[in-house]
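Asker: Starting off with a structure, shown below.
Protein chains: 2
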Amino acid sequence: MPTIDILISEVGPRDGLQNAGAIMPTEAKKRWIKAEAAAGVREIEVGSFVPAKVLPQLADTAEIVQYARSLPGLDVAVLVPNLRGAEGAVAAGAHKISIPFSVSETHSLRNVRRSHEQMFEEVRRIRELIDQQEHKPHFEGGLSTAFGCTLEGPISEDLVVRSAEKLMQAGCDEVGLSDTTGYANPAQVSRLVGKVKAAVGDDRLTGIHLHNTRGLGLANVIAALDAGITTVDSSLGGLGGCPFAPGASGNIVTEDLVFMLEAMGLRTGIDLEKLLQVRAILEQSLDGEPLYGFTPDAGLPKGFRSASAA
Amino acid sequence: MPTIDILISEVGPRDGLQNAGAIMPTEAKKRWIKAEAAAGVREIEVGSFVPAKVLPQLADTAEIVQYARSLPGLDVAVLVPNLRGAEGAVAAGAHKISIPFSVSETHSLRNVRRSHEQMFEEVRRIRELIDQQEHKPHFEGGLSTAFGCTLEGPISEDLVVRSAEKLMQAGCDEVGLSDTTGYANPAQVSRLVGKVKAAVGDDRLTGIHLHNTRGLGLANVIAALDAGITTVDSSLGGLGGCPFAPGASGNIVTEDLVFMLEAMGLRTGIDLEKLLQVRAILEQSLDGEPLYGFTPDAGLPKGFRSASAA
Chain A
1 MPTIDILISE VGPRDGLQNA GAIMPTEAKK RWIKAEAAAG VREIEVGSFV PAKVLPQLAD
61 TAEIVQYARS LPGLDVAVLV PNLRGAEGAV AAGAHKISIP FSVSETHSLR NVRRSHEQMF
121 EEVRRIRELI DQQEHKPHFE GGLSTAFGCT LEGPISEDLV VRSAEKLMQA GCDEVGLSDT
181 TGYANPAQVS RLVGKVKAAV GDDRLTGIHL HNTRGLGLAN VIAALDAGIT TVDSSLGGLG
241 GCPFAPGASG NIVTEDLVFM LEAMGLRTGI DLEKLLQVRA ILEQSLDGEP LYGFTPDAGL
301 PKGFRSASAA
Chain B
1 MPTIDILISE VGPRDGLQNA GAIMPTEAKK RWIKAEAAAG VREIEVGSFV PAKVLPQLAD
61 TAEIVQYARS LPGLDVAVLV PNLRGAEGAV AAGAHKISIP FSVSETHSLR NVRRSHEQMF
121 EEVRRIRELI DQQEHKPHFE GGLSTAFGCT LEGPISEDLV VRSAEKLMQA GCDEVGLSDT
181 TGYANPAQVS RLVGKVKAAV GDDRLTGIHL HNTRGLGLAN VIAALDAGIT TVDSSLGGLG
241 GCPFAPGASG NIVTEDLVFM LEAMGLRTGI DLEKLLQVRA ILEQSLDGEP LYGFTPDAGL
301 PKGFRSASAA
């Protein structure tokens, strides 16, 4: 496959759908994932292994993982809240497993009903599970509420750094930073990426999950790239957010993100024209769900050439 | 007055209103300008000296300039398309006069029906007018369509640089860069700011006018700040755009911009809580006009402290 500069990790089928009012039919999810992969998206978080009664929108995650694995060149990522979820992810054959760790312990207790110590123990157990497998999925610890919490307010940067170190010690392959609440600003992104990279190693923090809650999503991406981040989460149509952090909605929009990167000369491997067409699948199968993004409305600039097409 | 790091130049009363469907009553304009000045905004582009039949929304510009001059600590800026407009601006007592110069000559002919050479001649005449005044307004040449044109497509960066040099030679005190069409990306902003500063002098390009047409407005601001820009145009509620560049709408939103800068520790001198309240004036007096911005909906983060309040 062609070389890329920045990896876009599409999280819509997980983060977007878990916050949608409607339940997307399994066949529509497959069409969406297939169409994004065909547009050149190389990593998609396709679901979450949580009880169906908690998130009925994601009850078909095992089937979706198995389907997505059949698409050539696609890395299939899932979110798991605990060991039980990880067992499901391993059984289904996910390539990448992420566990969210709320740096705000208040948010952790509210979101997954576990203290920090209980979370580290869960990570250790998942590490043991993975070590028993022949094909080991990549295991990431996502530091959520890293830029602030709607319950606690500001979050200590030292606590973020220590949490990152402990997640690595407990057995994660990598950590990620997540602006769950849409509180991040570019100066903070730059500072915190630098601190966490310094603590756990440059190649152990490569990804970031940002929201556009206050319109700063892409500005924060610029700061993250300058600080050495190479994987950026986003959601087609900006679907999603976090239902347990009140008022915190709005992933950054894949369409606008890819436009920005390609316009800057950074290759994502994604065909922007094809990507913009995928949006129609969401419009058809998530009736009434608000979709975001400016590039889909404005269209591409006259004479635009993407870096990946060059 | 307290020191600031970044000057916000509010362009809503000019750029916003000239594109609005409704005509805002003069008294409402005054309330808006007074309320923004009271919130700490130090420069407002309050109107444009163009014939009332072309832009009836701005027919009261002379009265608005005279009113705005009475507000303490406020720099009153206006846009003029030609010498005749500059005469009106000087007579009314504007502190700052900007003339837009379309680097795309096609756009220039369409927008103000003048070639580049005719525009340089107009700038020379305005310089002569200003030199005759006891109180000389600051005179800026705004390089519009600098990042691309909806008519011509890509614009040569060398042509932008040469145009900047010629505007300075013709008598401008300063030049500005304007993304009239919403085509700019952060890499381009960084590059072009650097090139123009190198050509005309670091202190002769301090301001930038960006649009959010494709969602990249604040990302472009970050690139501009990194390149040494210290004055950023924006519009309350994101009102405005350019009516002569089809499909190009959406100034960057003052509310989101001020939130970003203050969160980053950059002082604008603006009280964000007060600024957010000014939006109500637009809602009341521009019935049905769409307003943009994320921070007004999401509110400020829990425990947020602005740099200017520190």
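First to last, the sequence lines map onto chains A and B.
If you're matching positions, the first sequence starts at 1 in this note's numbering and goes up one per residue.
If you're matching positions, the second sequence starts at 1 in this note's numbering and goes up one per residue.
Even glycine gets a Cβ: it sits at the ideal position worked out from N, Cα and C.
#1: In the DSSP output, what is ASN251 (chain A) paired with across the bridge?
#2: Comparing C-alpha positions only, which one of A:MET260, A:ALA310 and A:ARG191 sits nearest to PRO301 (chain A)?
#3: In angstroms with no decimal places, state the Cα-to-Cα distance between LEU129 (chain A) and GLY93 (chain A).
#4: Measuring alpha carbon to alpha carbon, tell me which of A:THR106, A:LEU159 and A:ARG191 ends up nearest GLU152 (chain A).
#5: Just reading off the beta strand (DSSP E) that GLU105 (chain A) is part of, what are its end residues?
#6: Please return the same chain residues whose Cβ sits closer than 8 Å to the Cβ of ASP60 (chain A), not counting the five positions on each side in sequence.
#7: Got a sec, what are the start and stop residues for the beta strand (DSSP E) ALA77 (chain A) sits in?
#8: Quick one: which unbroken alpha helix (DSSP H) runs of 4-plus residues sit fully inside the region 262 to 308 of chain B? Chain order, please.
#9: Starting from the C-beta of SER104 (chain B), find all residues in its chain whose C-beta is less than 7 Å away, skip the five residues before and the five after it, and write them out in chain order.
#10: Whole-angstrom Cβ separation of ILE8 (chain B) and VAL232 (chain B), contact assumed at under 8 Å?
#11: Anyone know if the C-beta pair for SER308 (chain B) and ILE270 (chain B) falls short of 8 Å?
#12: How would you call ARG279 (chain A), buried or exposed, if buried means at least 16 neighbouring beta carbons within 10 angstroms?
#13: To the nearest angstrom, how far is the alpha carbon of PRO243 (chain A) from that of ALA52 (chain B)?
#14: Check the C-beta distance from GLY77 (chain A) over to ILE33 (chain A) and give it rounded, since I have them as a contact under 8 Å.
#15: Please work out which residues of its chain come closer than 7 Å, Cβ to Cβ, to VAL160 (chain A), disregarding the five sequence neighbours upstream and downstream, and give them in chain order.
#16: When Cβ atoms are compared, which residues of the region 272 to 289 of chain A fall closer than 8 Å to chain B?
#17: Comparing C-alpha positions only, which one of A:PRO56, A:VAL175, A:GLY201 and A:ASN251 sits nearest to LYS96 (chain A)?
#18: Comparing C-alpha positions only, which one of A:VAL221, A:SER163, A:GLY215 and A:ARG14 sits nearest to SER190 (chain A)?
#19: If you measure between the beta carbons of ALA263 (chain B) and ALA219 (chain A), is that distance less than 8 Å?
#20: From the DSSP output, in three-state form, read off LEU151 (chain B) for me.
#21: List the residues of chain D whose Cβ lies closer than 9 Å to the Cβ of LYS302 (chain A), in chain order.
#22: Give the single residue among B:LEU266, B:THR295, B:GLY182 and B:ARG305 whose Cα lies nearest to the Cα of GLY240 (chain B).
#23: Under 7 Å between beta-carbons, which chain B residues line up against ARG214 (chain A)? List them in chain order, please.
#24: Give the secondary structure of LYS53 (chain A) by DSSP, where H, G and I count as helix, E and B as strand, and everything else as coil.
#25: For chain A, check one thing: does any of its Cβ atoms lie closer than 8 Å to the Cβ of ALA263 (chain B)?
#26: What's the gap between the Cα of GLY141 (chain B) and the Cα of GLY217 (chain B)?
#27: Based on Cα-Cα distance, which residue from B:GLN277, B:GLY265 and B:GLY228 lies nearest to LEU236 (chain B)?
#28: Under 9 Å Cβ-Cβ, which residues of chain A neighbour ALA224 (chain B)?
#29: Should ILE209 (chain A) be labelled buried (16 or more other beta-carbon atoms within 10 Å of its own) or exposed?
#30: Is VAL54 (chain A) buried or exposed, if buried means 16 or more other CB atoms sit within 10 Å of its CB?
#31: Measuring CA to CA, which of A:ASP203, A:PRO13, A:ARG14 and A:GLU165 is closest to GLY228 (chain A)?
#32: Does DSSP put LYS136 (chain B) in a helix, in a strand, or in coil?
#33: Under 7 Å between beta-carbons, which chain B residues line up against VAL196 (chain A)? List them in chain order, please.
#34: Give me, in chain order, the residues of the same chain whose beta-carbon lies closer than 7 Å to that of LEU167 (chain A); leave out the 5 immediate sequence neighbours on both sides.
#35: Excluding the 5 residues flanking ASP179 (chain A) on each side, which residues of the same chain have their C-beta closer than 6 Å to its C-beta?
#36: May I have the straight-line CA-CA distance separating GLU283 (chain B) from ALA91 (chain A), to the nearest angstrom?
Answerer: So, from the data block:
#1: Looking at the DSSP output, ASN251 (chain A) sits in a beta bridge with A:HIS211.
#2: The option with the nearest alpha carbon to PRO301 (chain A) is A:MET260.
#3: Each residue's CA atom was taken as its position, placing LEU129 (chain A) and GLY93 (chain A) some 13 Å apart.
#4: Nearest of A:THR106, A:LEU159 and A:ARG191 to GLU152 (chain A), Cα basis: A:THR106.
#5: Unbroken run through GLU105 (chain A) is the alpha helix (DSSP H), 105 to 111; no beta strand (DSSP E).
#6: THR26, LYS29 and GLY47.
#7: Annotation for ALA77 (chain A): the continuous beta strand (DSSP E) segment containing it runs 75 to 79.
#8: Those alpha helix (DSSP H) runs which fall completely within the region 262 to 308 of chain B and span 4+ residues are 272 to 285 and 295 to 298.
#9: For SER104 (chain B), where only same-chain residues beyond five positions count, the Cβ hits under 7 Å are THR145, CYS149, LEU151, GLU152 and ILE155.
#10: Rounded, the Cβ-Cβ distance is 6 Å, consistent with contact.
#11: Note that the C-beta distance between SER308 (chain B) and ILE270 (chain B) is below 8 Å.
#12: ARG279 (chain A) is buried by the Cβ-count criterion.
#13: Confidence in PRO243 (chain A) is poor, its pLDDT being 47 and thus under 50, which makes the residue's placement unreliable; the coordinate value appears in the next sentence. Looking at the backbone, the Cα of PRO243 (chain A) and that of ALA52 (chain B) are separated by about 51 Å.
#14: The residue asked about is misnamed: residue 77 (chain A) is Ala in this sequence, not Gly. ALA77 (chain A) to ILE33 (chain A), Cβ: 11 Å. No contact.
#15: Around VAL160 (chain A): VAL103, LEU143, ALA146, LEU192 and VAL196.
#16: Close to chain B, meaning a Cβ-Cβ distance shorter than 8 Å, is no residue of the region 272 to 289 of chain A at all.
#17: The residue among A:PRO56, A:VAL175, A:GLY201 and A:ASN251 with its C-alpha nearest the C-alpha of LYS96 (chain A) is A:VAL175.
#18: Ranking A:VAL221, A:SER163, A:GLY215 and A:ARG14 by Cα distance to SER190 (chain A) puts A:VAL221 first.
#19: If you check the CB distance, ALA263 (chain B) and ALA219 (chain A) do not come in under 8 Å.
#20: When DSSP states are grouped into helix, strand and coil, LEU151 (chain B) belongs to the coil group.
#21: In the structure shown, chain D does not exist; the protein chains are A and B.
#22: By alpha-carbon distance to GLY240 (chain B), the top candidate from B:LEU266, B:THR295, B:GLY182 and B:ARG305 is B:GLY182.
#23: Neighbours of ARG214 (chain A) across chain B, judged by C-beta separation under 7 Å: ASP256, PHE259, PHE294, THR295 and ALA298.
#24: LYS53 (chain A) falls in the coil class under three-state DSSP.
#25: Judged by the 8 Å Cβ criterion, ALA263 (chain B) is in contact with chain A.
#26: Distance between the alpha carbons of GLY141 (chain B) and GLY217 (chain B): 21 Å.
#27: Of the listed residues, the one whose Cα sits closest to LEU236 (chain B) is B:GLN277.
#28: Within chain A, no residue comes near ALA224 (chain B); the closest Cβ sits about 11 Å away, beyond 9 Å.
#29: According to the sequence displayed, residue 209 (chain A) carries His and not Ile. Sixteen is the threshold: when 16 or more other Cβ atoms of the shown chains lie within 10 Å of the Cβ of HIS209 (chain A), as they do, the residue is buried.
#30: Flag for VAL54 (chain A) reads exposed.
#31: Out of A:ASP203, A:PRO13, A:ARG14 and A:GLU165, A:ASP203 has the C-alpha closest to the C-alpha of GLY228 (chain A).
#32: Looking at LYS136 (chain B) - three-state DSSP - the assignment turns out to be coil, as it is neither helix nor strand.
#33: For VAL196 (chain A), no chain B residue has a C-beta closer than 7 Å to its own C-beta; the minimum C-beta separation is roughly 19 Å.
#34: For LEU167 (chain A), where only same-chain residues beyond five positions count, the Cβ hits under 7 Å are PHE101, VAL123, GLY141 and VAL175.
#35: So the qualifying residues of the chain are PHE147, LEU210 and HIS211.
#36: Whole-angstrom Cα-Cα distance: 55 Å.
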